[in-house]
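K.L.:
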Amino acid sequence: MISNILLDINILLNFFLKRRDFDVAEKVLILAKDNEVKAFVGISILQTTSFYLQKSYGSKISKELLLELLLIVNIIEADEEIVLQALNSSIADIEDAVHFYTATKHKLDYILSSDIAFQKLSNKNLQITSAEKFLALF
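Residue numbers (UniProt numbering): 1 to 138.
Here it is as structure tokens:
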């Protein structure tokens with residue numbers, strides 16, 4: 001069965017900006033491209049990624065890179081209900097809470113994140129893990 005995964009921003013930034021763990025991020029995106037996983041990004045992740053891409057590459061190249069990305073990942077939405085759930089939750093980091101409840105509502109299997117504190121929120125229905133640990137499953 002194909003896993004549905006939410007990509008945290010660091011996966012995208014590591015890939016596009018060729019940062020530490022570029023190779024790991026690349027492998028995750030190749031899995032998505034090869035339809036071995038179904039990858040999702042939240043609109044806030046896409047917007048923040050675009051900010052850093054524009055700073056590094058300018059608007060034209062950034063748009064081209066994001067259009068290529070959208071050929072292999074899907075945009076997932078957080079609605080008002082999700083935001084309210086996140087704000088009323090015990091999760092201290094608001095952004096993490098929004099990602100957590102977005103992934104939960106859309107019944108995703110994994111969130112890939114390098115944030116150790118965020119990974120501690122894993123449960124039986126939603127695994128929050130590093131990209132490296134996720135890749136070990138393949």
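Beta carbons are placed, not taken as given, at the ideal position from N, Cα and C, and that holds for glycine.
#1: Near L121, what residues of its chain come up, given a Cβ to Cβ distance below 8 Å and the 5 sequence neighbours on each side ignored?
#2: State the Cα-Cα distance for the pair L65 and V37, rounded to the nearest angstrom.
#3: I need the boundaries of the alpha helix (DSSP H) containing A39, first residue and last residue.
#4: Would A117 be called buried (16 or more neighbouring beta carbons within 10 Å of its own) or exposed?
#5: Quick one: any contact between the stretch 2–14 and the stretch 23–32, if contact means 3 or more CB pairs under 8 Å?
#6: According to the neighbour-count rule (16 or more other Cβ atoms, all chains shown, within 10 Å of its Cβ), is F16 buried or exposed?
#7: Could you pull the DSSP bridge partners for N74 from this structure?
#8: I43 and E80 - do their beta-carbons sit closer together than 8 Å?
#9: What did DSSP end up calling L6 once you bin it into helix, strand or coil?
#10: Using only the alpha-carbon positions, how far apart do V41 and L135 sit?
#11: What first and last residue would you give for the beta strand (DSSP E) that runs through L112?
P.N.:
In short:
#1: Answer for L121: I91, D96, F100, I128, listed in chain order.
#2: C-alpha separation (whole angstroms): 20 Å.
#3: A39 -> not in any alpha helix (DSSP H); beta strand (DSSP E) instead, spanning 37–42.
#4: A117 comes out exposed.
#5: Judged by Cβ distances under 8 Å, the stretch 2–14 makes contact with the stretch 23–32, as three or more pairs qualify.
#6: Result: buried.
#7: Under DSSP, N74 shares a beta bridge with F40.
#8: The answer is no: Cβ separation not under 8 Å.
#9: Under the three-state reduction of DSSP, L6 is assigned to strand.
#10: Whole-angstrom Cα-Cα distance: 18 Å.
#11: Element bounds for L112: 110–112.
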